[in-house]
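With the first letter of the sequence shown counted as 1, position 483 gets the number 483 in UniProt numbering; the numbers rise by one all the way through.
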Amino acid sequence: MGFVNNLRIGQRLGLAFAISIAFSTLIAVYAYIQMARINSTLALMVNDRVVKVEQLHRIRDNVNRTARAVRNIALLSDPDAIGKEIETIAANRKSTVELFDKLKASIAAPRGIQLLAGVTAARSAYTASIQRVIDLGVQQQKDAARDLLLGETRSLQQAYFESLEALVDFQKELMRTSADDAAHAVGTASLSLLLVAAAAAIAGAALAILITRSVVAPIRQAVAAAETVASGDLRLQLAADRKDEAGQLLGALQRMNDALVDVVGAVRGNAESVATASSQIAQGNADLSQRTEEQASSLQQTGASMEELGATVRLNNDTARQAAQIADSAAQAAASGGIVMDQVIGTMAEITASSQKIANIIGTIDGIAFQTNILALNAAVEAARAGEQGRGFAVVAAEVRTLATRSADAAREIKTLISASVERVDAGNTLVGEAGGTVGDVVGQVRRVADLIREISAAGDEQGKGLVQIGEAVNQLDQVTQSNAALVEESAAAAESLKRQARTLAETVAVFKLAQAQQSVRATAPARPSRPSAPAPAPARNAVRVAPAAATLDEEWSSF
């Protein structure tokens, strides 16, 4: 059985067909040989035995016709009638001679040759006797002819017939022997054919059963294995101890099952990993969404602060324009004081009042510069919180602080000048004599104040432009933040959908049953890193870039 299992199905079928063909060929050859023997026996009977018997019967018929003709010659007196009978006897004699020649040529058995010799001798004696009867009849010796015919010739005829009958019996005996041989050959051939056919049938049935079992058994095993795999049970172990196509099929099914086990195990593990990762992504997106909302709120607060800073800068610009107008008025008053010296005291009083008003305005400008510096510092801090997105905003805030510092410096100088002017006005009351020179100095100082105020106004314009740029940057940051929030929501929805799909995939592959070893291998797969419990802090490089700016602001504010 092991040898058969190691043969390919084609080789098994070829072996079975070869054995069947061998039996069929054996049966056909044996039947052909037996049929040839039977045919030879029948041909011998038909072409030899029967022909010889027929020839002997024809010889006897010729003898009977010759005997009738001799009888007629012995009885007739008419020469013509006797002549006709003699012609008949001659024809019969000729036919008999031809038949004897054929018998001599065809009889080969010793017994047959012996009997044929007896027939020939009897024929010769009979022929000589009837010739004498014919001669007597022709001579019209009818009584002598009849006596010879009824006496000697009749006894010789009887001996002739007996010798012919003996040869006929011998030929019939040979025919019976041939018939018996043919019947025996038929019986033997029939029995042999039946035995060989039975052996062929038994061998064919045995081979059919053996081959069928060797083919059907592994196919049933393969079908059972396929049904087992179809039911989801992958704990399949098929014996691969065969080398035929069925063994190859079972081996292929085992390899397919092993590959399916690997695929299912990998899919199951990856599905769980994807589910865990998608859950972490969803939680991370939720945290990112919360931080994005906080950033949007901070940007809104920054926008409100920038609006306040813009209002302060606009107020500073208005104040600077008023100061410029006052400085122009002071310059005109100083010029008028040079012409009208008699009104010096009143003018000095007006200058004193104007100087005090300017001092108040300068104090206001100083407060505006202080508030501007504070707002710029707050804007820089908010820009530092915004990280990379607030870098441009930090630059603008630094420029605003620079302008505020310049405004403070100018206000400080104006304050110093105003103080000097007040002192000079107080001294002017006692130094009227020096009024002309002092008025000239005042005119120069007022012009300088006007220049400084124009510089403050220009700085305020630049601050306004910077604040406009800062507002645009804040609006852009707010738009980017809103877009990020929408993207975060979409990412969260996609992560949740991925989580559901991973769970569905895990439930789908959970139908398959794996062996314990394969489950343990899958269980030892590396786990995915867990999501951090708290949001990650902002990158350190942003803090490094913001810190120097904050330090610089503190130093400038201290000096201010």
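In this text, a Cβ means the ideal position worked out from N, Cα and C, and glycines have one as well.
For residue 416 and residue 361, believed in contact at Cβ under 8 Å, the rounded distance: As a first step, residue 361 must be located in the sequence shown, where it is residue number 361. As a first step, residue 416 must be located in the sequence shown, where it is residue number 416. Not confirmed; about 14 Å, so no contact.
Under the three-state reduction of DSSP, which class applies to residue 233: helix, strand or coil? Here residue 233 corresponds to residue number 233 of the sequence shown, with the count starting at 1. Under the three-state reduction of DSSP output, residue 233 falls in the strand class.
Mind pulling the beta strand (DSSP E) runs of 3 or more residues that sit fully within the region 280-350? Runs of the beta strand (DSSP E) inside the region 280-350: none found.
Mapping the DSSP letters down to three states, classify residue 117 as helix, strand or coil. As a first step, residue 117 is located in the sequence shown; it is residue number 117 there, counting from the start. Helix at residue 117.
Measuring alpha carbon to alpha carbon, tell me which residue in 400, 86, 162, 210 is nearest residue 120. Mapped onto the sequence shown, residue 120 falls at position 120. Checked all of 400, 86, 162, 210; the closest Cα to residue 120 is 162.
Endpoints, alpha helix (DSSP H) assigned at residue 54: For the purposes of this step, residue 54 is taken as residue 54 along the sequence shown, with counting starting at 1. Run containing residue 54: 50-75, per the alpha helix (DSSP H) assignment.
What does the alpha-carbon distance come out to for the pair residue 324 and residue 431? To locate residue 324, count along the sequence shown from 1; it is residue 324. To locate residue 431, count along the sequence shown from 1; it is residue 431. Looking at the backbone, the Cα of residue 324 and that of residue 431 are separated by about 29 Å.
Does the beta-carbon distance from residue 403 to residue 459 come in below 7 Å? Position 403 of the sequence shown, counted from the first residue, corresponds to residue 403. Position 459 of the sequence shown, counted from the first residue, corresponds to residue 459. In this structure, residue 459 lies closer than 7 Å to residue 403 by Cβ.
Alpha-carbon to alpha-carbon, residue 193 and residue 34: If you number the sequence shown from 1, residue 34 lands on position 34. If you number the sequence shown from 1, residue 193 lands on position 193. CA-CA distance, residue 34 to residue 193, rounds to 10 Å.
Proximity winner among 99, 118, 368, 170, relative to residue 58 (alpha-carbon distances): The residue given as residue 58 occupies position 58 in the sequence shown. Measuring from the Cα of residue 58, the nearest candidate turns out to be 99.
With DSSP run on the structure shown, which of helix, strand or coil describes residue 525? Locating residue 525 in the sequence shown gives position 525, where the first residue counts as 1. Here the model assigns residue 525 a pLDDT of 48, short of 50, so the residue's position is not dependable and the matter cannot be decided.
What number of angstroms, rounded off, separates the C-alpha of residue 186 from the C-alpha of residue 13? The residue labelled residue 186 in the question sits at position 186 within the sequence shown. The residue labelled residue 13 in the question sits at position 13 within the sequence shown. Distance between the alpha carbons of residue 186 and residue 13 is about 34 Å.
Just to confirm, are residue 39 and residue 65 a CB contact at a threshold of 7 Å? Position 39 of the sequence shown holds residue 39. Position 65 of the sequence shown holds residue 65. With contacts defined as CB atoms closer than 7 Å, residue 39 and residue 65 fail to qualify as a contacting pair.
Pick helix, strand or coil for residue 107, following the three-state DSSP scheme. Against the sequence shown, residue 107 aligns to sequence position 107. Coil, per DSSP.
Answer yes or no: do residue 137 and residue 182 have a C-beta to C-beta separation smaller than 7 Å? In the sequence shown, counting from the first residue as 1, residue 137 sits at position 137. In the sequence shown, counting from the first residue as 1, residue 182 sits at position 182. With respect to residue 182, residue 137 sits apart: the two C-beta atoms are not nearer than 7 Å.
Assign residue 80 to one of three DSSP states: helix, strand, or coil. Along the sequence shown, one-based indexing puts residue 80 at 80. The answer is helix: DSSP assigns residue 80 an H, G or I state.
Cβ contact check for the region 440-453 and the region 387-403: 3 or more pairs under 8 Å: Too few Cβ pairs lie closer than 8 Å, so no.
How about residue 253 and residue 271: are their beta carbons less than 7 Å apart? Indexing the sequence shown from 1 puts residue 253 at position 253. Indexing the sequence shown from 1 puts residue 271 at position 271. No. Outside cutoff.
Taking all protein chains shown into account, decide if residue 129 is buried (16 or more other Cβ within 10 angstroms of its Cβ) or exposed. By one-based count along the sequence shown, residue 129 stands at place 129. Classification for residue 129: buried.
First and last residue of the alpha helix (DSSP H) that includes residue 145? Here residue 145 refers to the residue found at position 145 when the sequence shown is read from its first residue. Residues 142-148.
Pick out whichever of 282, 353, 201 has its Cα sitting closest to the Cα of residue 493. Position 493 of the sequence shown, counted from the first residue, corresponds to residue 493. It is 282.
Just how far apart, CA to CA, sit residue 268 and residue 501? One-based indexing of the sequence shown puts residue 268 at position 268. One-based indexing of the sequence shown puts residue 501 at position 501. If you take the alpha carbons of residue 268 and residue 501, they lie about 13 Å apart.
Is it buried or exposed, residue 195, if we count other Cβ atoms within 10 angstroms and call 16 or more buried? Indexing the sequence shown from 1 puts residue 195 at position 195. Flag for residue 195 reads exposed.
Assuming residue 452 and residue 410 make a contact with CB atoms under 8 Å, what is their CB distance in whole Å? On the sequence shown, position 452 is the one that residue 452 refers to. On the sequence shown, position 410 is the one that residue 410 refers to. Right, their Cβ atoms sit about 5 Å apart.
My output table needs one value for residue 158: the three-state DSSP class, helix, strand or coil. Along the sequence shown, read from residue 1 onward, the residue named residue 158 stands at position 158. Taken through DSSP and simplified to helix, strand or coil, residue 158 comes out as helix.
In whole angstroms, what is the alpha-carbon distance linking residue 154 and residue 173? As a first step, residue 154 must be located in the sequence shown, where it is residue number 154. As a first step, residue 173 must be located in the sequence shown, where it is residue number 173. Their backbone Cα atoms lie some 28 Å apart in a straight line.
Is it true that the CB of residue 422 sits closer than 7 Å to the CB of residue 470? Sequence index remark: in the sequence shown, residue 470 carries index 470 (1-based). Sequence index remark: in the sequence shown, residue 422 carries index 422 (1-based). Not closer than 7 Å, so no.
Is it true that the region 291-306 meets the region 481-490, where meeting means three or more beta-carbon pairs spaced less than 8 Å apart? Flag = yes, the region 291-306 and the region 481-490 touch.
I'd like to check one pair, residue 249 with residue 222: are the Cβ atoms closer than 7 Å? Sequence index remark: in the sequence shown, residue 222 carries index 222 (1-based). Sequence index remark: in the sequence shown, residue 249 carries index 249 (1-based). If you check the CB distance, residue 222 and residue 249 come in under 7 Å.
Chain-order list of residues whose beta-carbon lies under 6 Å from that of residue 351 (same chain, five-residue window excluded): Position 351 of the sequence shown, counting from 1, holds the residue named residue 351. Once the five neighbours on either side are set aside, the close Cβ partners of residue 351 are 425.
Can you tell me which of 51, 175, 311 puts its alpha carbon nearest to the alpha carbon of residue 465? Sequence index remark: in the sequence shown, residue 465 carries index 465 (1-based). The shortest Cα separation from residue 465 among 51, 175, 311 belongs to 311.
To the nearest angstrom, report how far apart residue 378 and residue 328 are at their CA atoms. Your numbering for residue 378 matches position 378 in the sequence shown. Your numbering for residue 328 matches position 328 in the sequence shown. If you take the alpha carbons of residue 378 and residue 328, they lie about 36 Å apart.
Quick one: what does DSSP say residue 431 is sitting in, helix, strand or coil? Taking the sequence shown and counting its residues from 1, one reaches residue 431 at position 431. DSSP places residue 431 in coil when its eight states are reduced to three.
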